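Protein chains in written order, with the working numbering: chain F, 37 to 443; chain C, 37 to 443.
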């Protein structure tokens with residue numbers, strides 16, 4: 037017997053038929069003798085509809101009201117799943133965030149979970165009742181207003197609930213059947229990973245593999261929650277996200293991933309004096325523009341430097357406007373931007389103990405004549421920025437170079 | 037300065053543009069120096085959609101889950117109206133039933149309000165903040181589950197809130213601009229009433245004039261809440277529902293109304309012995325079939341009686357089945373039913389002090405050759421059952437006979 041938290045996203049509960057399939061999956065776990073709490077998202081499309089309503093109600097809106105509005109979608113799914121489970125003869129009840137309660141801070145729109153009261157729920161789970169929990173929401177205790185956890189917050193709800201309930205596993209059911217070594221739509225040889233470490237999953241999530249919300253992985257790592265990414269539609273084992281120690285034969289590189297949401301900005305011939313980086317990135321940070329990769333080179337012109345960095349594509353225009361506004365204080369000679377770039381990364385905790393991983397990457401790309409524009413590295417990741425037209429070729433070459441192809 | 041509760045139904049908040057119009061109406065009351073609480077329904081169609089979901093989830097469903105599901109529509113409207121009001125520079129916040137709280141009994145699906153905690157809301161109203169309250173819902177205190185008040189329950193929410201807040205007026209905004217002496221689609225001369233008594237309104241509501249929920253009128257009468265029925269779409273005075281004493285020149289008859297939802301069942305030659313009525317209406321009551329008008333006549337056959345009564349059209353088949361099942365114990369000779377009948381009623385508290393009201397009715401109908409099948413009377417109402425084909429003629433004749441036509 038185990039205690040399990042199951043989480044189903046919007047496409048998995050998109051209509052009544054799918055909710056009925058979900059109920060069957062829940063019942064199967066229960067019939068295996070497990071205690072089950074289920075976390076559900078809103079039916080696909082509902083949250084976007086509610087956000088659209090709010091945006092057309094007012095250009096600037098109170099985030100407390102936004103939270104009260106958008107949290108309603110999850111309440112509907114939770115009630116419906118409880119009804120379907122009862123119809124299958126399963127004892128079940130729905131829980132809204134304030135009923136549990138899931139206490140959060142007061143950062144409406146992107147609140148952080150602070151505590152979950154589980155005494156009553158735990159008692160009911162032990163008696164065989166299924167808890168159906170509305171994801172994505174909580175309550176801010178001081179004023180008793182509803183909060184939401186930000187997009188993808190139901191993953192975080194599930195992991196936090198698993199931690200609070202001392203669950204043996206937290207299964208995230210989604211429309212993919214696990215985490216792959218690369219994007220299977222591009223790399224034919226991509227394989228599903230049976231296991232992946234929290235650190236690797238974190239890098240993948242932050243690089244745009246939209247399987248899990250970054251924050252939920254951080255939380256799972258912190259609390260040692262065993263996560264599993266599984267398919268809602270097929271009954272297959274998925275990918276377990278676990279501690280490094282649980283992975284016996286660790287590959288050097290676990291995956292090759294990419295992000296198209298990149299744009300490159302270059303400032304040429306910036307005076308090379310102390311404080312110049314602060315003069316550039318300070319105003320960008322104030323404008324809430326996220327800067328990712330940064331490289332600084334000696335410029336062709338004496339006593340000046342060239343500075344290149346990347347931002348999200350949607351933020352290029354705003355970033356350029358900020359830099360133009362501060363042109364005098366920064367003192368660059370030329371400001372250039374480029375959209376047609378992508379970031380390709382190889383990820384693996386095995387890198388820590390293996391030399392030459394970056395070298396393999398550079399060699400494989402060079403062999404195909406792919407020019408590297410920017411390089412950044414971390415302990416378990418090497419990322420390069422390349423021209424977008426080479427994306428597919430780069431992914432396939434790297435996937436082979438690290439021996440990840442299906443045998 | 038007055039304290040006002042305004043209630044807007046589903047068609048009044050059907051989309052964002054209409055919610056914006058509602059906000060303007062609210063702001064106008066505020067600008068006049070009033071304190072304002074607003075009760076809103078779900079956007080038109082939303083509650084039906086949620087009920088459909090629940091019904092397709094399971095044939096029999098837990099009413100606690102039904103309540104958790106269907107109450108979400110009102111939460112969305114309340115949040116959206118608060119957002120729009122804030123955008124107009126009005127201080128506002130939304131309240132869900134459990135946040136106030138509106139305490140109800142545990143009769144899920146048709147709960148009754150027991151108490152409303154208004155200390156905090158009252159303080160905020162005094163400070164100029166508008167309270168936007170999700171109608172139709174409450175919380176059952178023992179288990180902290182959400183309850184709903186039954187169809188049209190937002191009217192009841194509004195009246196109960198007005199009573200609890202000691203409001204000077206409760207304005208029900210709807211898609212008609214008031215209560216009419218008769219159906220203006222049938223009777224050209226129908227006039228809007230400036231005032232009507234609670235008792236008359238109750239009779240009208242229970243007779244199918246779907247302007248106000250019966251229960252909300254009862255509650256307004258009990259707590260002396262001054263109700264006003266007004267148009268959401270035009271800025272015109274509506275109809276005030278008040279105590280009899282507030283009406284200076286009371287007409288004998290205030291309105292002529294009708295109900296098409298009638299069917300007649302006749303049992304012929306039933307043995308005329310004590311207990312026979314119980315033998316007929318007992319089984320019908322057990323089957324939860326509502327019986328309305330009842331008449332008993334001496335039959336042509338000796339020592340037997342003919343018994344006629346009306347039920348809702350949707351319940352005729354069930355009622356006949358029940359009566360056939362009990363045919364032996366009742367002992368009737370013939371069982372007949374008729375669908376093409378309507379109930380026409382004249383209503384007025386003035387009847388109490390005026391003789392001849394029923395006589396005028398019978399005379400007017402006789403003059404047009406309209407046969408009366410069944411008659412029932414109460415202190416302030418005379419109802420007759422007639423063939424449906426005469427409905428329009430009967431309404432117009434009675435409207436004239438009582439001098440109600442527009443001058």
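We put the beta carbon where it would ideally sit given N, CA and C, even for glycine. Here the structure is a predicted model, which is why all the values come from computation and not from measurement.
Pairwise C-alpha distance: residue j and residue i
i, j, result
"residue 63 (chain C)", "residue 126 (chain C)", "7 angstroms"
"residue 49 (chain C)", "residue 101 (chain F)", "17 angstroms"
"residue 231 (chain F)", "residue 283 (chain F)", "7 angstroms"
"residue 302 (chain F)", "residue 156 (chain F)", "57 angstroms"
"residue 78 (chain F)", "residue 70 (chain C)", "39 angstroms"
"residue 335 (chain C)", "residue 308 (chain C)", "9 angstroms"
"residue 180 (chain C)", "residue 398 (chain C)", "55 angstroms"
"residue 296 (chain C)", "residue 96 (chain F)", "49 angstroms"
"residue 345 (chain F)", "residue 420 (chain F)", "12 angstroms"
"residue 422 (chain C)", "residue 406 (chain C)", "7 angstroms"
"residue 275 (chain F)", "residue 202 (chain F)", "21 angstroms"
"residue 253 (chain C)", "residue 154 (chain C)", "21 angstroms"
"residue 315 (chain F)", "residue 429 (chain F)", "38 angstroms"
"residue 222 (chain F)", "residue 418 (chain F)", "20 angstroms"
"residue 37 (chain C)", "residue 68 (chain C)", "8 angstroms"
Interface flag, residue i vs chain F, CB-CB below 9 angstroms
i, result
"residue 238 (chain C)", "no"
"residue 122 (chain C)", "yes"
"residue 108 (chain C)", "yes"
"residue 116 (chain C)", "yes"
"residue 48 (chain C)", "no"
"residue 326 (chain C)", "no"
"residue 147 (chain C)", "no"
"residue 142 (chain C)", "no"
"residue 19 (chain C)", "Because chain C is modelled from 37 through 443, residue 19 (chain C) falls outside the range shown and cannot be assessed."
"residue 52 (chain C)", "yes"
Proximity below 9 angstroms, CB of residue i to CB of residue j
i, j, result
"residue 104 (chain C)", "residue 132 (chain F)", "yes"
"residue 292 (chain C)", "residue 382 (chain C)", "yes"
"residue 278 (chain C)", "residue 199 (chain C)", "no"
"residue 319 (chain C)", "residue 359 (chain C)", "yes"
"residue 185 (chain F)", "residue 148 (chain F)", "yes"
"residue 410 (chain C)", "residue 300 (chain C)", "yes"
"residue 237 (chain C)", "residue 195 (chain C)", "no"
"residue 172 (chain C)", "residue 107 (chain C)", "yes"
"residue 369 (chain C)", "residue 305 (chain C)", "yes"
"residue 251 (chain F)", "residue 440 (chain F)", "no"
"residue 117 (chain F)", "residue 90 (chain C)", "no"
"residue 290 (chain C)", "residue 248 (chain C)", "no"
"residue 312 (chain F)", "residue 355 (chain F)", "no"
"residue 341 (chain F)", "residue 332 (chain F)", "yes"
"residue 268 (chain F)", "residue 211 (chain F)", "yes"
Short CB-CB distance (under 9 angstroms) between residue i and chain C
i, result
"residue 56 (chain F)", "yes"
"residue 451 (chain F)", "Nothing in the structure corresponds to residue 451 (chain F), since chain F is present only between 37 and 443."
"residue 119 (chain F)", "yes"
"residue 286 (chain F)", "no"
"residue 152 (chain F)", "no"
"residue 193 (chain F)", "no"
"residue 395 (chain F)", "no"
"residue 138 (chain F)", "no"
"residue 380 (chain F)", "no"
"residue 129 (chain F)", "yes"
"residue 126 (chain F)", "no"
"residue 112 (chain F)", "yes"
"residue 132 (chain F)", "yes"
"residue 264 (chain F)", "no"
"residue 105 (chain F)", "yes"
heavy atom of the ligand ADP below 8 angstroms from residue i C-beta
i, result
"residue 48 (chain F)", "The ligand content of the structure shown is nil, which means the ligand ADP is not present either."
**Prompt:** Residues in the region 72-101 of chain C with C-beta within 8 angstroms of chain F's C-beta atoms, listed in sequence order?
**Reply:** Against chain F - using a Cβ distance shorter than 8 angstroms - the residues of the region 72-101 of chain C are 86, 89, 90, 92, 93, 94, 95, 96, 97, 98, 100, 101.
**alpha helix (DSSP H) runs wholly inside the region 95-134 of chain F, at least 4 long, in chain order** = Fully contained in the region 95-134 of chain F are the following alpha helix (DSSP H) runs of length 4 or more, in chain order: 99-106, 108-123.
**Entirely enclosed beta strand (DSSP E) segments - the region 255-300 of chain C, minimum 3 residues** = You should have 263-267, 275-278, 291-295.
**Item:** Residue ranges of each beta strand (DSSP E) within the region 177-222 of chain C, 3 or longer
**Value:** With a minimum length of 3 residues, the continuous beta strand (DSSP E) runs that stay inside the region 177-222 of chain C are 181-184, 205-210.
**Item:** Selection of the region 164-189 of chain F by Cβ proximity to chain C, strictly under 7 angstroms
**Value:** Within the region 164-189 of chain F, 180 place their CB atoms closer than 7 angstroms to a CB of chain C, listed in sequence order.
**Prompt:** For the region 217-241 of chain C, which residues have a CB atom closer than 9 angstroms to at least one CB atom of chain F, in sequence order?
**Reply:** Here the close residues number zero.
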